[in-house]
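Below: one structure, written as structure tokens.
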Amino acid sequence: MNMLDPQWLDAQYNNRARIPEHPELFARWRKASAAALAGSPGARLDVAYGSQPTQTLDVFPAALPGAPVLVFIHGGYWRSLDKADHSFIAPSFVADGATVVVPNYSLCPAASIEDIALEMTQVVAWVHRHAGSFGADPSRIALAGHSAGGHLAAMLLCCRWKDVDAALPLQPLLGALSISGLYDLEPLRHTPFIQADLRLTARSANRLSPAFFAAPSGRCTRWRAALSRTNSCDRTC
Numbered sequence: 076m077n078m079l080d081p082q083w084l085d086a087q088y089n090n091r092a093r094i095p096e097h098p099e100l101f102a103r104w105r106k107a108s109a110a111a112l113a114g115s116p117g118a119r120l121d122v123a124y125g126s127q128p129t130q131t132l133d134v135f136p137a138a139l140p141g142a143p144v145l146v147f148i149h150g151g152y153w154r155s156l157d158k159a160d161h162s163f164i165a166p167s168f169v170a171d172g173a174t175v176v177v178p179n180y181s182l183c184p185a186a187s188i189e190d191i192a193l194e195m196t197q198v199v200a201w202v203h204r205h206a207g208s209f210g211a212d213p214s215r216i217a218l219a220g221h222s223a224g225g226h227l228a229a230m231l232l233c234c235r236w237k238d239v240d241a242a243l244p245l246q247p248l249l250g251a252l253s254i255s256g257l258y259d260l261e262p263l264r265h266t267p268f269i270q271a272d273l274r275l276t277a278r279s280a281n282r283l284s285p286a287f288f289a290a291p292s293g294r295c296t297r298w299r300a301a302l303s304r305t306n307s308c309d310r311t312c
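In this text, residue positions in the sequence shown follow the numbering used here: the first is 76, and each later residue adds one.
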């Protein structure tokens, strides 16, 4: 079998086609998220972490000071869904004593995956800088992400944080949970239903694929998330 056959790739990666009831699942998420917001009067919504309209986040503070922070990154193949669809994540973690942050990000094709990964570094920097203002502990930040969000969580574990903000620790994250993440992006370059939106090249697919990052020596420095005009990333250790 040709592993880059477009029809086969569409069958493997187009989850909405594979799950015809997905509209009902998304509706269930939205209903649960609306209930979560209604039950979270202390939530801080649509807080800006950057200058673009898409660069906002929701904070669900824990009741007690010094709480750890869970940043949840939503999926949607980097091109769909919204933080408002995922507020349902927060209540159970808040009840267990954690603050939850759910960010939005720019979506493909208006933004590239590189752009989105860099936006997520801004989120972590913002959380570290502002954690004290909502009673959380900046030394206890962890990530979770689903699907494309899982990919972004894996990328963030490998960030050169001093290139993002010199005031950040070498590694501000305690860890990450990647749920059904995408780690090899090369097949998506050849997958018809999504390739036009993602606009991946051979080079960008390679440098954005955590599956092929070299094993770290000491701290992980496999890609540079420098928030600069060059918007450059690399995977050098």
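For glycine and all other residues, C-beta sits at the position ideal for the given N, C-alpha and C.
Since the structure is predicted, the reported quantities are computational estimates derived from the model, not experimental observations.
Item, Value
"Spatial neighbours of D121 within its chain, please: C-beta separation below 6 Å, excluding the five flanking residues on both sides.", "T131"
"Can you give the Cα-Cα distance for L182 and W153, rounded to whole angstroms?", "6 Å"
"Is it buried or exposed for E96, if we count other Cβ within 10 angstroms and need 16 for buried?", "exposed"
"Could you tell me which residues DSSP pairs with S253 in its beta bridges?", "G220"
"Under 8 Å, with one C-beta from each stretch per pair, do the segment 160 to 180 and the segment 131 to 144 reach the 3-pair mark?", "yes"
"Work out the CA separation of G256 and G225 for me, nearest whole Å.", "4 Å"
"From the DSSP output, in three-state form, read off D259 for me.", "coil"
"Within 10 angstroms of the Cβ of R235, are there 16 or more other Cβ atoms? Answer buried if so, exposed if not.", "buried"
"In chain order, what residues of the same chain have a beta carbon less than 6 Å from the beta carbon of K106, not counting five sequence neighbours either side?", "none"
"Please report the distance separating the alpha-carbon of D238 from that of A217.", "20 Å"
"Considering Cα atoms alone, identify which of L273, P267, A165, N89 is closest to P81.", "P267"
"Throw me the rounded Cβ distance for the L243 and H203 pair, which I believe falls under 8 Å.", "6 Å"
"Determine, using beta-carbon pairs with one atom in the segment 257 to 276 and one in the segment 146 to 165, whether at least three such pairs fall under 8 Å.", "yes"
"A223 to A286, Cα distance in whole Å?", "14 Å"
"Looking at the secondary structure, which residues open and close the alpha helix (DSSP H) in which L84 lies?", "81 to 88"
"Do S279 and S187 have their C-beta atoms within less than 9 Å of each other?", "yes"
"So the candidates are G141, Q127, I94; which of them puts its Cα closest to the Cα of V198?", "Q127"
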